[in-house]
Amino acid sequence: GENVEQHPSTLSVQEGDSAVIKCTYSDSASNYFPWYKQELGKRPQLIIDIRSNVGEKKDQRIAVTLNKTAKHFSLHITETQPEDSAVYFCAASIMNYGGSQGNLIFGKGTKLSVKP
Amino acid sequence: DVKVTQSSRYLVKRTGEKVFLECVQDMDHENMFWYRQDPGLGLRLIYFSYDVKMKEKGDIPEGYSVSREKKERFSLILESASTNQTSMYLCASSLGRFSGNTIYFGEGSWLTVV
Chain A
1 GENVEQHPST LSVQEGDSAV IKCTYSDSAS NYFPWYKQEL GKRPQLIIDI RSNVGEKKDQ
61 RIAVTLNKTA KHFSLHITET QPEDSAVYFC AASIMNYGGS QGNLIFGKGT KLSVKP
Chain B
1001 DVKVTQSSRY LVKRTGEKVF LECVQDMDHE NMFWYRQDPG LGLRLIYFSY DVKMKEKGDI
1061 PEGYSVSREK KERFSLILES ASTNQTSMYL CASSLGRFSG NTIYFGEGSW LTVV
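Chains as they are written, first to last, in the working numbering: chain A, 1 to 116; chain B, 1001 to 1114.
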């Protein structure tokens, strides 16, 4: 089955710097890659996702890149702010139309701390 | 706004007790999930359901069972709670059978087994 590895487990940056979190996946059939943000004491929430037919997607200060050949995808946060401090989870799944759904397999999470 | 509500935020139970964690979603979603979250281990899938009265095992089903009698409600049951089941439990739902739909999480239930 699918296995998702996420690095680093903790990341500390200065406010205004960029942060990059990387994930690798094992199943080449995976084609959907969401990222979730979980603030302290709160529920995980989707912040951005990418499908395998695109290589990059941006939404304001966050972007995700996907390298299908190498089977890795990354989250990039630019101009970090203290409110970006949270645990970030990557995930992968197989999107099948008409077949059984591939469940999301999550990475172990990255705790990002943004120092003011 | 999608709402996934878990009935209990914090529970303390004794070893051997039967524990029910309840989850309700208000968006007519077909899919519902129970995850367990532990530090350093991320989010691990316990059970999921694509339809009423339907259930399938996830990655760590041992020691758990589930019930889905109504579309909006998905219950996680610990038949005989043990200390290694102390954890945060997250319920989630998504729209339909096709993956790629956003998963919406509840606020979580913190369970301590003593």
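Virtual Cβ for every residue (Gly too), placed ideally from N, Cα, C. The structure displayed is predicted, hence computed values, not measured ones.
- Look at PHE1105 of chain B: its C-beta is under 8 Å from a C-beta on chain A.
- The region 58 to 71 of chain A makes contact with the region 17 to 37 of chain A, as at least three CB pairs between them are under 8 Å.
- DSSP, read as helix, strand or coil, puts GLU83 of chain A in helix.
- LEU104 of chain A and ILE1103 of chain B do touch by the CB rule: their CB atoms are close to 6 Å apart, below 8 Å.
- Exposed is the label assigned to LYS42 of chain A, since fewer than 16 other Cβ atoms lie within 10 Å of its Cβ.
- When DSSP reads this structure, GLY1042 of chain B sits in a beta bridge with B:ASP1038.
- The beta carbon of LEU1011 of chain B is closer than 6 Å to those of LEU1111 in its chain, skipping five residues each way along the sequence.
- GLN14 of chain A is classed as exposed because its beta carbon has fewer than 16 other beta carbons within 10 Å across all chains shown.
- Within the same chain, and ignoring the five residues on either side of ASP1059 of chain B in sequence, the residues whose Cβ sits closer than 6 Å to its Cβ are ARG1044, LEU1045.
- Of all residues in the region 55 to 79 of chain A, none has a C-beta nearer than 7 Å to a C-beta of chain B.
- Interface residue (Cβ-Cβ distance to chain A less than 8 Å): THR1112 of chain B is not classified as such.
- Around the beta-carbon of MET1032 of chain B, 16 or more other beta-carbon atoms lie within 10 Å, marking it buried.
- For GLN38 of chain A, the three-state secondary structure derived from DSSP is strand.
- Note that the C-beta distance between LYS37 of chain A and GLN45 of chain A is below 8 Å.
- The beta carbon of PRO116 of chain A sits closer than 8 Å to the beta carbons of GLU15, PRO82 from its chain, once the five residues preceding and following it are set aside; these are given in chain order.
- For PHE1074 of chain B, no chain A residue has a C-beta closer than 8 Å to its own C-beta; the minimum C-beta separation is roughly 15 Å.
- Approximately 19 Å separates the beta-carbon atoms of SER1109 of chain B and HIS1029 of chain B; this is outside 8 Å, ruling out the contact.
- For PRO44 of chain A, the C-beta contacts it makes with chain B under 8 Å involve LEU1043, LEU1090, PHE1105, in order along the chain.
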